[in-house]
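In what follows, a structure is listed as structure tokens, so that the remarks can point back to it.
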Amino acid sequence: MITEKMRPRRKFAAGAPPGTLHVDPNAPRPLVSILAYGPGDIEESRPESLDEIRDALSRFQVTWVNVDGLGDLETLTRIQDIFGLHRLALEDVVNVHQRPKAELYEDHLFVVARMPRLGAELATEQFSLFLGKGYVLTFQETPGDCLDSVRERIRNERPRIRAGGPDYLAYAILDAVIDAYFPLLEGIGDRLEGLESEILRRPHSSQVPILHDLKRDLMNLRRYVWPLREVLAGFVREESPLITEATKLYLRDCYDHTIQIMDLLESYRDVASGLMDLYLSSISNRMNEVMKVLTIIATIFIPLGFIAGLYGMNFNPEISRWNMP
Amino acid sequence: MITEKMRPRRKFAAGAPPGTLHVDPNAPRPLVSILAYGPGDIEESRPESLDEIRDALSRFQVTWVNVDGLGDLETLTRIQDIFGLHRLALEDVVNVHQRPKAELYEDHLFVVARMPRLGAELATEQFSLFLGKGYVLTFQETPGDCLDSVRERIRNERPRIRAGGPDYLAYAILDAVIDAYFPLLEGIGDRLEGLESEILRRPHSSQVPILHDLKRDLMNLRRYVWPLREVLAGFVREESPLITEATKLYLRDCYDHTIQIMDLLESYRDVASGLMDLYLSSISNRMNEVMKVLTIIATIFIPLGFIAGLYGMNFNPEISRWNMP
Amino acid sequence: MITEKMRPRRKFAAGAPPGTLHVDPNAPRPLVSILAYGPGDIEESRPESLDEIRDALSRFQVTWVNVDGLGDLETLTRIQDIFGLHRLALEDVVNVHQRPKAELYEDHLFVVARMPRLGAELATEQFSLFLGKGYVLTFQETPGDCLDSVRERIRNERPRIRAGGPDYLAYAILDAVIDAYFPLLEGIGDRLEGLESEILRRPHSSQVPILHDLKRDLMNLRRYVWPLREVLAGFVREESPLITEATKLYLRDCYDHTIQIMDLLESYRDVASGLMDLYLSSISNRMNEVMKVLTIIATIFIPLGFIAGLYGMNFNPEISRWNMP
Amino acid sequence: MITEKMRPRRKFAAGAPPGTLHVDPNAPRPLVSILAYGPGDIEESRPESLDEIRDALSRFQVTWVNVDGLGDLETLTRIQDIFGLHRLALEDVVNVHQRPKAELYEDHLFVVARMPRLGAELATEQFSLFLGKGYVLTFQETPGDCLDSVRERIRNERPRIRAGGPDYLAYAILDAVIDAYFPLLEGIGDRLEGLESEILRRPHSSQVPILHDLKRDLMNLRRYVWPLREVLAGFVREESPLITEATKLYLRDCYDHTIQIMDLLESYRDVASGLMDLYLSSISNRMNEVMKVLTIIATIFIPLGFIAGLYGMNFNPEISRWNMP
Amino acid sequence: MITEKMRPRRKFAAGAPPGTLHVDPNAPRPLVSILAYGPGDIEESRPESLDEIRDALSRFQVTWVNVDGLGDLETLTRIQDIFGLHRLALEDVVNVHQRPKAELYEDHLFVVARMPRLGAELATEQFSLFLGKGYVLTFQETPGDCLDSVRERIRNERPRIRAGGPDYLAYAILDAVIDAYFPLLEGIGDRLEGLESEILRRPHSSQVPILHDLKRDLMNLRRYVWPLREVLAGFVREESPLITEATKLYLRDCYDHTIQIMDLLESYRDVASGLMDLYLSSISNRMNEVMKVLTIIATIFIPLGFIAGLYGMNFNPEISRWNMP
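Protein chains in written order, with my numbering: chain A, 3 to 327; chain B, 3 to 327; chain C, 3 to 327; chain D, 3 to 327; chain E, 3 to 327.
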């Protein structure tokens with residue numbers, strides 16, 4: 003089962019001024035990594051000082067700064083200063099139960115999404131991405147992600163990503179996040195098909211809570227992917243200088259994938275409802291069978307028992323016609 | 003359970019001319035308080051005479067007049083005169099079963115919303131807000147509200163709110179009202195999860211009315227929040243000089259929160275429907291179990307009883323073959 | 003129960019040329035009344051000759067002609083001539099099972115609505131209104147209506163209505179018609195709450211037809227009010243010289259009321275569906291209880307009866323081991 | 003029950019080039035009739051040669067050519083030539099399971115609709131109409147239709163239709179076709195109400211297939227009328243010189259009728275669903291009653307039977323305490 | 003049952019860079035065939051070298067290149083080079099679980115659809131089509147398709163297709179693909195009607211899984227056809243020089259067919275839901291019948307058995323009044 007609770011968002015911030023950063027003290031401390039590149043050169047580092055970010059920004063065509071962990075206010079505010087992020091956006095980064103959305107600020111685009119957690123079965127974490135001039139800045143709740151394929155492509159000097167601007171990098175990252183949903187869907191599809199063949203073969207009351215769990219997983223996935231669809235549709239329409247026309251073609255492809263996920267989720271939902279019907283009707287059937295057995299037994303033996311009882315009467319006709327001993 | 007009845011609105015006004023003020027004589031008498039401030043100065047008072055309002059309006063950049071209680075016609079009409087409110091708007095303030103809505107009059111914006119009542123579990127009251135040049139005017143049904151965090155921020159000279167205009171104050175107030183829904187949602191979420199684990203563990207007929215209540219609460223919350231969403235969407239689109247572009251960014255954030263609430267409510271609704279299915283299927287199952295026990299007992303012992311009966315027959319072969327004593 | 007049948011409209015007109023007036027001979031004969039006024043003067047009369055209408059039109063700023071009863075073709079066609087009404091509109095007036103709608107003809111606006119019948123519990127009648135230059139013309143099926151409050155306001159020289167043009171009068175009339183739905187809603191709300199507490203306390207099969215009736219009433223009310231909403235939305239958007247901007251503000255308020263009614267109807271519908279679920283689940287529960295009692299009794303006494311039967315056997319070991327008497 | 007099967011359309015044409023005319027050899031042979039008129043003159047004929055059509059077209063203001071039966075390819079292609087019809091349109095005429103639709107070709111408008119078959123209870127046939135300069139051309143599957151009222155109006159020199167152009171004639175024909183649905187609706191309404199009172203009085207398993215049939219009839223009617231609504235909405239919006247503004251007012255009225263039919267169908271559907279609920283709940287109730295009787299009987303007599311059995315034991319205390327004979 | 007699994011799309015490509023061609027090594031090797039023609043000449047060939055494609059493109063007005071099988075990367079990339087296809091498009095061709103869609107690239111239109119597989123009962127395969135200047139390029143998963151009727155028409159020198167450009171050919175191919183759905187629909191319709199008459203005659207638990215399968219088939223068909231509808235609607239609106247106005251008329255017709263299929267699927271779905279209700283209600287009925295028999299038997303014979311037991315008591319009044327032997 004998807005482990006997140008359906009909890010409302012603002013754990014700390016209820017009643018707080020907007021733009022306040024309430025850092026969860028139990029969250030992992032931020033781990034910053036830089037991956038900067040141009041068509042010809044590349045540099046990867048875990049900076050000791052955040053000033054190295056400024057340095058990379060000035061020297062490379064594209065700088066990707068990734069932050070794993072949101073547990074330290076100071077680091078976050080310093081990054082905010084370096085990139086000139088809007089307070090509301092940083093608030094959304096830190097409050098980790100955001101609805102996926104995109105926001106266009108003056109000089110950067112901001113996207114919040116949920117990213118399936120690597121390895122874990124159905125867990126997700128909040129993923130935030132800023133796209134600005136010459137940089138992509140990403141925040142994750144915990145270390146470890148589904149973006150290694152993107153990093154590999156950069157390291158291996160794949161021409162399209164190395165020659166592309168930060169908008170192409172942002173697309174490649176979002177595409178990898180969306181692709182990470184497919185294994186989850188495959189898992190749910192397998193569970194559904196297993197459950198279906200089981201219910202068809204031998205319906206049992208233990209299958210109902212499993213179906214209930216499956217439905218909730220579908221519902222949660224839907225909640226994560228549905229707004230992503232709007233986010234990407236917004237990107238394709240957006241007239242921002244941050245996104246080139248060439249990248250929009252790729253974003254459209256990415257958008258098609260979210261539609262495909264939604265289609266699958268819709269189908270799964272229909273199948274899950276059908277399974278419930280299947281289960282209930284087979285329960286009714288079995289009840290019918292049980293009742294028929296009972297009725298046949300009772301119809302045969304209760305009258306026979308009565309006849310046997312008749313012959314067992316100590317009817318003494320000598321005393322009176324309707325005597326009772 | 004949410005205590006408001008699902009009653010139609012115009013208790014007094016059916017057939018009355020529009021714009022008529024029918025004051026509920028049992029409502030609390032109005033308590034007026036003023037909180038006026040600019041970037042550098044601040045003044046808080048409970049005015050003895052309503053003329054102090056005029057005075058504050060002229061001296062401060064932003065004046066927030068709050069009225070608790072709607073039980074006195076004269077006070078209300080005098081406030082109407084001071085701020086030049088439209089009759090229809092004031093009628094909506096007094097008739098406290100309005101659907102949340104926003105209305106743009108010539109020189110003020112008018113918003114009606116439902117505000118969760120402080121402390122009470124799921125009770126709400128009507129909250130009306132007027133935004134005009136240099137002032138925010140709010141009306142509540144009873145004293146006590148969820149806006150103390152806003153007041154604190156003003157008093158503590160938080161720069162953003164002190165430097166912002168009345169539109170920023172209006173945003174901050176609306177944001178606080180919407181934030182006040184999150185604890186309610188959390189409460190319902192907890193009740194739902196509790197009920198779910200209980201139904202999974204041990205379904206009982208007493209859970210059905212609880213589920214029924216939960217569904218009604220969800221329905222009522224939906225009725226309160228859904229129109230709020232439209233209200234805020236309208237604000238973001240509005241081309242009024244009363245709302246600056248900078249504040250619109252904040253209002254958009256606020257709008258996102260209402261969408262998030264709607265998402266959660268939708269999810270809760272799905273879960274509640276699933277719980278009903280879960281309950282019914284477990285009831286069917288239990289019935290099946292009971293019937294199986296009955297059938298097994300009957301199938302074994304009714305035939306056995308018949309055989310015992312057979313041996314108990316006083317069959318006297320001497321009289322006749324099929325005699326009956 | 004709402005008494006109108008769900009009958010298709012064109013009782014007489016199927017296959018007839020459009021614009022044909024088929025007057026129901028059993029309908030009450032038309033009773034014409036005139037209420038003409040300006041800011042300073044007012045005249046009320048039941049004209050003996052229809053020419054008095056022309057006279058009033060020429061002398062007063064606003065003339066309200068009300069026709070109760072649609073049973074006389076001649077009167078109707080004469081009124082048609084006086085006001086220059088479109089044939090299709092008059093056909094709609096006479097065929098009294100119209101769907102509420104608004105139509106903009108060259109020099110008049112035409113509205114059909116259903117008006118709750120005064121006093122009767124849930125009965126409605128067709129109400130038609132023409133708004134033209136200097137006049138409002140209304141048609142009702144039977145005498146007696148919910149518009150007396152409007153008449154009183156005119157007679158009592160309430161400034162807003164006396165100074166307003168015919169568009170304000172039309173608004174006031176429509177507002178009164180919509181307000182007349184609120185008592186109906188209140189009645190249904192009371193019946194729903196009564197039924198709810200009864201079903202929670204003691205479910206009984208006699209409650210199902212009552213719920214069925216309630217659902218039909220809700221469905222009918224929905225059919226009457228839903229198109230009214232569109233009608234009013236159309237008015238607010240309409241760029242007709244017949245409706246001033248000032249009146250549009252009032253019409254918007256009126257439109258909000260129809261939305262509020264629809265909201266309530268939707269809520270009631272949800273509650274009614276919930277009640278059916280509640281009823282069915284309690285029936286299932288009771289069945290379960292009954293079956294449990296049966297099973298307990300049978301499980302205890304059928305085996306006991308068998309044992310008693312065993313001891314009642316006339317087993318004669320002297321004859322043979324498994325003898326049977 | 004509506005007799006048409008829910009069959010896919012292209013019986014013959016699957017895989018055939020578009021615009022191919024596959025004439026059903028079993029269809030009735032075409033019967034052509036001409037009704038040509040102007041404000042002053044009229045001519046009705048069953049032409050021996052199709053050239054008479056050309057003649058009528060040249061001499062009269064409006065020529066209505068009606069073709070009953072689609073069973074002869076040659077006649078149809080000659081008519082196609084005379085009027086210059088598009089191949090795709092004629093294909094749609096011949097393949098008689100079209101979805102109702104309207105198509106605007108260069109110099110003619112083409113409408114396909116389903117027309118209730120005269121006399122038959124719920125049967126419909128395909129009805130095609132071409133509107134061009136000076137003519138209306140209609141195709142029906144079989145002779146006999148609901149258009150005699152239109153013909154009568156033309157013959158009786160009703161001024162509106164005689165003075166109107168072919169667009170008014172087309173409107174009058176479509177209006178008659180739509181009006182022909184009202185008796186069908188009335189029939190279904192009567193069946194629904196009969197079934198309702200029967201189910202309320204005495205639910206029986208034979209009512210379920212009747213309800214099932216009713217639901218399918220409603221579904222089919224919906225399939226026929228829903229697209230008609232779009233067709234008429236399209237006409238009202240259409241900027242074609244073939245339709246005058248005056249006729250559009252009438253088409254709008256016609257459009258309102260289709261909305262009214264849809265409203266009724268929707269209501270009927272709701273009622274039908276409610277009836278199923280009613281039936282199922284009364285079945286549950288009856289089961290409950292039966293079970294209660296069984297349980298009461300069993301609870302009283304099984305223990306009593308056990309006691310009687312006790313006294314029937316041949317307990318012989320002389321042999322042993324727990325002897326068994 | 004439709005054999006495709008509801009599997010997510012990117013089997014190989016999860017995490018791969020976009021535009022990567024992952025060729026399934028088990029897929030059939032590509033078989034290329036050329037059908038080139040103009041109004042007067044035609045040439046059909048299975049080219050040994052792909053250079054023949056370039057040759058045909060230069061010599062003929064329309065060249066249709068069809069590729070059966072996607073199992074060889076080299077062939078596919080060479081074809082990509084010849085036609086200058088976009089990488090993303092070719093990726094979609096190779097990953098064969100695409101959602102049907104259309105994409106407009108700079109100098110070619112790209113369509114993905116699902117094509118019913120010839121002969122097989124409900125199997126489909128992915129079908130991709132490129133429309134460019136002077137050519138139509140199609141890809142299929144396996145040899146054998148429903149396009150022979152199109153080929154025949156070209157060979158038989160049917161003037162419309164021979165004189166038409168590549169856009170008409172593309173239309174003819176899409177039309178044939180959509181037409182191939184009608185037999186599938188007919189098959190499902192027959193199964194539904196068979197199941198319906200069976201359930202009405204003799205409901206049995208074995209019918210539920212059949213109904214479940216039917217519902218899934220309907221759901222899958224819906225998933226294939228619904229996006230096709232959007233694709234065609236997009237074509238009709240498209241302002242591309244690749245599609246002439248004349249062809250758009252035909253595409254509109256094609257679009258109407260997809261709507262008709264959707265209508266039928268919708269109807270089938272309603273019927274399938276109705277069948278489930280029918281089945282469940284007849285199961286309830288039968289249970290009722292069984293219970294009634296049981297209750298009648300029990301009500302008659304249990305009391306009788308008790309009376310017989312009474313007379314069977316060895317009541318010995320000589321010992322004591324309430325003695326027990």
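All C-beta atoms in this analysis are idealised placements derived from N, C-alpha and C, irrespective of residue type, glycine included.
As the structure is a computational prediction, the values presented were derived from the model and not from experiment.
>> C/V292 and D/T301 - do their beta-carbons sit closer together than 8 Å?
In response: Within the fourth sequence, the letter at position 299 stands for residue 301 of chain D. Within the third sequence, the letter at position 290 stands for residue 292 of chain C. Their beta carbons are not under 8 Å apart, which means D/T301 does not touch C/V292 by this criterion.
> The beta strand (DSSP E) spanning A/K135 covers which residue range?
Replying inline: For the purposes of this step, residue 135 of chain A is taken as the residue at position 133 of the first sequence. Note, A/K135: premise wrong, no beta strand (DSSP E); not H, not E.
> From C/C256 to D/R254, what distance separates their C-alpha atoms?
Replying inline: Indexing the third sequence from 1 puts residue 256 of chain C at position 254. Indexing the fourth sequence from 1 puts residue 254 of chain D at position 252. Roughly 26 Å separates the two Cα atoms.
> So is E/G314 in contact with chain A if we call contact Cβ pairs under 8 Å?
Replying inline: The sequence position of residue 314 of chain E within the fifth sequence is 312, counting from 1. At least one chain A Cβ lies under 8 Å of E/G314.
> Between the segment 269 to 281 of chain C and chain B, which residues of the former have a C-beta closer than 8 Å to a C-beta of the latter?
Replying inline: S269, Y270, D272, V273, G276, D279, L280
>> Is the beta carbon of E/F62 closer than 8 Å to that of E/E45?
In response: Indexing the fifth sequence from 1 puts residue 45 of chain E at position 43. Indexing the fifth sequence from 1 puts residue 62 of chain E at position 60. In this structure, E/F62 lies closer than 8 Å to E/E45 by Cβ.
>> With the cut-off set at 8 Å, would you say C/T260 and C/I180 are in Cβ contact?
In response: Stepping through the third sequence from its first residue, residue 260 of chain C is reached at position 258. Stepping through the third sequence from its first residue, residue 180 of chain C is reached at position 178. Contact flag set, yes.
>> Starting from B/T65, trace the alpha helix (DSSP H) in both directions and tell me its first and last residue.
In response: For the purposes of this step, residue 65 of chain B is identified with residue 63 of the second sequence, where counting begins at 1. Premise fails: B/T65 lies in the beta strand (DSSP E), 64 to 70, not in any alpha helix (DSSP H).
> On the three-pair Cβ rule with 8 Å, is the segment 78 to 92 of chain D touching the segment 232 to 244 of chain E?
Replying inline: no
>> I'd like to confirm the pairing. Which residues does DSSP put opposite A/Y39 in its beta bridges?
In response: To locate residue 39 of chain A, count along the first sequence from 1; it is residue 37. Per DSSP, A/I44, A/V64.
> Closest by CA to A/A182, which one among A/L111, A/H88, A/S275, A/T126?
Replying inline: As a position in the first sequence, residue 182 of chain A is number 180, starting the count at 1. Residue A/T126 is the option with its Cα nearest to A/A182.
> Is DSSP giving A/Q142 helix, strand or coil here?
Replying inline: Here residue 142 of chain A corresponds to residue number 140 of the first sequence, with the count starting at 1. Three-state DSSP puts A/Q142 in a strand.
>> So C/Y39 and C/R164 are supposed to be a Cβ contact under 8 Å. How far apart are they, rounded?
In response: Counting from 1 along the third sequence, the entry for residue 39 of chain C is found at position 37. Counting from 1 along the third sequence, the entry for residue 164 of chain C is found at position 162. That pair is a contact at about 6 Å.
> Taking the alpha carbon of E/E54 as the point to measure from, which residue in E/C148, E/V34, E/G73, E/L72 has its own alpha carbon closest?
Replying inline: Residue mapping note: residue 54 of chain E aligns to position 52 of the fifth sequence, counting from 1. Closest by alpha carbon: E/V34.
>> Does E/P1 come out as helix, strand or coil in the three-state DSSP assignment?
In response: Residue 1 of chain E lies beyond the range of chain E shown here (3 to 327); nothing can be said about it.
>> With H, G and I counted as helix, E and B as strand and the rest as coil, what does DSSP make of C/H259?
In response: The residue labelled residue 259 of chain C in the question sits at position 257 within the third sequence. Three-state DSSP puts C/H259 in a helix.
> Looking at C-alpha atoms only, which residue of C/N287, C/V227, C/L176 is the closest neighbour of C/E268?
Replying inline: The residue labelled residue 268 of chain C in the question sits at position 266 within the third sequence. When only C-alpha atoms are compared, the closest one is C/V227.
>> I want to see whether chain D comes within less than 8 Å of C/S130, judged by CB atoms only; does it?
In response: In the third sequence, the residue the question calls residue 130 of chain C occupies position 128. Chain D, which has no Cβ nearer than 8 Å to the Cβ of C/S130, makes this no.
> For chain E, is any of its Cβ atoms less than 8 Å away from the one on D/I4?
Replying inline: Here residue 4 of chain D is taken as the residue at index 2 of the fourth sequence, counted from 1. The predicted position of D/I4 is uncertain, since its pLDDT is 40 and thus under 50; a value taken from the coordinates is nonetheless stated next. No, D/I4 does not count as interfacial toward chain E.
> Alpha carbon to alpha carbon, how far is B/T249 from B/D43?
Replying inline: What you label residue 249 of chain B is simply residue 247 of the second sequence in a count that begins at 1. What you label residue 43 of chain B is simply residue 41 of the second sequence in a count that begins at 1. Taking the straight line joining both Cα atoms gives about 22 Å.
>> Going by DSSP, what residue range makes up the alpha helix (DSSP H) through B/E188?
In response: Walking along the second sequence from the start, residue 188 of chain B turns up at place 186. B/E188 -> alpha helix (DSSP H) spans 183 to 203.
>> Please report the straight-line C-alpha distance between D/P102 and D/F141, rounded to a whole angstrom.
In response: Residue 102 of chain D sits at position 100 when you count from the first residue of the fourth sequence. Residue 141 of chain D sits at position 139 when you count from the first residue of the fourth sequence. Between D/P102 and D/F141, the C-alpha separation is close to 14 Å.
> The alpha helix (DSSP H) spanning C/A165 covers which residue range?
Replying inline: As a first step, residue 165 of chain C is located in the third sequence; it is residue number 163 there, counting from the start. Taken as a continuous stretch (DSSP letters only), the alpha helix (DSSP H) holding C/A165 covers 161 to 165.
>> Less than 8 Å between the C-beta atoms of A/L194 and A/L223, yes or no?
In response: Numbered from 1 along the first sequence, position 192 holds the residue referred to as residue 194 of chain A. Numbered from 1 along the first sequence, position 221 holds the residue referred to as residue 223 of chain A. Result no, Cβ atoms of A/L194 and A/L223 do not sit closer than 8 Å.
> Based on Cα-Cα distance, which residue from D/Y252, D/A274, D/L312, D/I304 lies nearest to D/D169?
Replying inline: Numbered from 1 along the fourth sequence, position 167 holds the residue referred to as residue 169 of chain D. Closest option to D/D169, Cα to Cα, is D/Y252.
> Listed in chain order, which residues of the segment 180 to 199 of chain D have Cβ atoms closer than 7 Å to some Cβ of chain E?
Replying inline: none
> DSSP on A/Q100, reduced to helix/strand/coil?
Replying inline: Position 98 of the first sequence, counting from 1, holds the residue named residue 100 of chain A. DSSP places A/Q100 in coil when its eight states are reduced to three.
>> Restricting to Cα atoms, I'd like to know which of D/A91, D/G307, D/R288, D/V295 is closest to D/H206.
In response: What you label residue 206 of chain D is simply residue 204 of the fourth sequence in a count that begins at 1. That would be D/R288, whose Cα lies nearest to the Cα of D/H206.
>> Am I right that B/L131 and B/S242 are in contact with their C-beta atoms under 8 Å? What's the rounded C-beta distance?
In response: As a working note, residue 131 of chain B is residue 129 in the second sequence. As a working note, residue 242 of chain B is residue 240 in the second sequence. In fact, because the Cβ distance is near 14 Å, the residues do not count as touching under 8 Å.
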